[in-house]
Amino acid sequence: MAAVGSGGYARNDAGEKLPSVMAGVPARRGQSSPPPAPPICLRRRTRLSTASEETVQNRVSLEKVLGITAQNSSGLTCDPGTGHVAYLAGCVVVILDPKENKQQHIFNTARKSLSALAFSPDGKYIVTGENGHRPAVRIWDVEEKNQVAEMLGHKYGVACVAFSPNMKHIVSMGYQHDMVLNVWDWKKDIVVASNKVSCRVIALSFSEDSSYFVTVGNRHVRFWFLEVSTETKVTSTVPLVGRSGILGELHNNIFCGVACGRGRMAGSTFCVSYSGLLCQFNEKRVLEKWINLKEGGSSLPRYSGTDLRPHPPVAVLRV
Numbered sequence: 000m001a002a003v004g005s006g007g008y009a010r011n012d013a014g015e016k017l018p019s020v021m022a023g024v025p026a027r028r029g030q031s032s033p034p035p036a037p038p039i040c041l042r043r044r045t046r047l048s049t050a051s052e053e054t055v056q057n058r059v060s061l062e063k064v065l066g067i068t069a070q071n072s073s074g075l076t077c078d079p080g081t082g083h084v085a086y087l088a089g090c091v092v093v094i095l096d097p098k099e100n101k102q103q104h105i106f107n108t109a110r111k112s113l114s115a116l117a118f119s120p121d122g123k124y125i126v127t128g129e130n131g132h133r134p135a136v137r138i139w140d141v142e143e144k145n146q147v148a149e150m151l152g153h154k155y156g157v158a159c160v161a162f163s164p165n166m167k168h169i170v171s172m173g174y175q176h177d178m179v180l181n182v183w184d185w186k187k188d189i190v191v192a193s194n195k196v197s198c199r200v201i202a203l204s205f206s207e208d209s210s211y212f213v214t215v216g217n218r219h220v221r222f223w224f225l226e227v228s229t230e231t232k233v234t235s236t237v238p239l240v241g242r243s244g245i246l247g248e249l250h251n252n253i254f255c256g257v258a259c260g261r262g263r264m265a266g267s268t269f270c271v272s273y274s275g276l277l278c279q280f281n282e283k284r285v286l287e288k289w290i291n292l293k294e295g296g297s298s299l300p301r302y303s304g305t306d307l308r309p310h311p312p313v314a315v316l317r318v
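The sequence shown runs contiguously to residue 318 in numbering that gives the first Met the number 0.
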């Protein structure tokens, strides 16, 4: 009976050597045998025990995040009470104290990248939206850094989110492949009003009295009225009532930012476009004034009315 030796030859019990076969091709006569293959040591990669993983996590902490993944204004928010700025970095919410240049971090436990966020009016909570399939709208406690609520109502990502000033509702807008606009009673985890939008929405803003909010995007400025939508006492979701802003000759613009007025300007809504137009809508949703914020070249400021006068472009953001 023949056996295979370590030198690459077949041998029988009498010790007679026969040429070996390498890769299916017989060795030629007189050809020297190939050197023996080096021994291969395969080790199974051992997984740390749960106790060891917890020990490592307790020893390692995130000190600073470099970079930002926010693609527009919906990925950046500010707490008016403390002045802290929050922005997105992958699946992490970075809360920056600009005076001390120190960061705090909230980790998305679902490990999905985040797409939008907003502070609550009192600064105690942050609402976030996610990318990907079946994204969640989550509420986070800023002080404790933990999740306090989770709401599922979109299919393909969340474009923007916002708290109402009275803290009763949260609005979430899906991506252009989702197109769903939801108004949540976040403490009860229910959708109280909903509708579909026919174009891409980039940003939204609530009115000071929480009675309506405004969405802007591709050739889109629309006012949504909560009092009309939620005043009916029903247990199911009701259609969200919306009215388009009257854009006139500016109807072909893409609007990327919106802010509803406060104080004596509470009846006004301000929108800015990618082309550099700052527009003011009155309480009847009519485009009342606008000015071109671009400087240089032949782009001269254009304005309507008496309040917006040509001047060097200065942007003042007040939350």
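Positions of the beta carbon are idealized from the N, C-alpha and C atoms, including for glycine. Model, not experiment: these values are computed from the prediction.
Asked: Opening and closing residue of the beta strand (DSSP E) in which residue 129 lies; Found: 124 to 129
Asked: Residue 226 (DSSP reduced to helix, strand or coil); Found: helix
Asked: Span separating the alpha-carbon of residue 177 from that of residue 159; Found: 12 Å
Asked: Residue 199 vs residue 174 beta-carbon contact at 9 Å; Found: yes
Asked: Endpoints, the beta strand (DSSP E) within which residue 83 is located; Found: Looking at the DSSP string, residue 83 is not in any beta strand (DSSP E), and its letter there is neither H nor E.
Asked: For residue 272, three-class secondary structure by DSSP; Found: strand
Asked: For residue 139, the residue or residues it bridges with in DSSP; Found: 125 and 146
Asked: Cβ contact (3+ pairs, closer than 8 Å) linking the stretch 250 to 267 and the stretch 190 to 205; Found: yes
Asked: Rounded C-alpha distance that separates residue 92 from residue 170; Found: 19 Å
Asked: Contact belief for residue 242 with residue 212 at Cβ below 8 Å, rounded distance in angstroms; Found: No, residue 242 and residue 212 are not in contact; Cβ-Cβ is about 12 Å, not under 8 Å.
Asked: Residues of its chain near residue 131, where Cβ-Cβ distance is below 6 Å and the 5 sequence neighbours each way are ignored; Found: 111
Asked: With 16 other Cβ atoms within 10 Å as the buried cut-off, status of residue 278; Found: buried
Asked: Inter-residue Cα distance where the pair is residue 96 and residue 84; Found: 7 Å
Asked: Same chain, Cβ closer than 6 Å to residue 94, neighbours up to 5 away in sequence not counted; Found: 83, 85 and 103
Asked: Separation of residue 271 from residue 149, as counted between CA atoms; Found: 32 Å
Asked: Cut-off 8 Å between Cβ atoms - residues of its own chain near residue 161, not counting five sequence neighbours on either side; Found: 117, 126, 169, 170, 203, 204, 205 and 212
Asked: Contacting residues, own chain, Cβ-Cβ under 8 Å from residue 77 (five flanking each side not counted); Found: 83, 84, 85, 118 and 318
Asked: DSSP three-state assignment for residue 296, whether helix, strand or coil; Found: With a pLDDT of only 37 at residue 296, under 50, the local geometry of the prediction cannot be trusted, and no value is derived from it.
Asked: Exposure of residue 285, with buried meaning 16 or more beta-carbon neighbours within 10 Å; Found: exposed
Asked: Cβ-Cβ separation, residue 167 to residue 209 (assumed contact under 8 Å), whole Å; Found: 7 Å
Asked: Residue(s) in a DSSP beta bridge with residue 242; Found: 222
Asked: Simplified DSSP state of residue 193, which is helix, strand or coil; Found: strand
Asked: Simplified DSSP state of residue 166, which is helix, strand or coil; Found: coil
Asked: Which residues DSSP lists as bridging residue 184, in chain order; Found: 189
Asked: CB of residue 109 within 9 Å of CB of residue 87, strictly; Found: no
Asked: Endpoints, the beta strand (DSSP E) within which residue 76 is located; Found: 75 to 77
Asked: Distance between beta carbons of residue 141 and residue 122, contact taken as under 8 Å; Found: 7 Å
Asked: Residue 153, buried or exposed, once every other Cβ within 10 Å from all chains shown has been counted against 16; Found: buried
Asked: Burial state of residue 135, where buried means 16 or more other Cβ atoms lie within 10 Å; Found: buried
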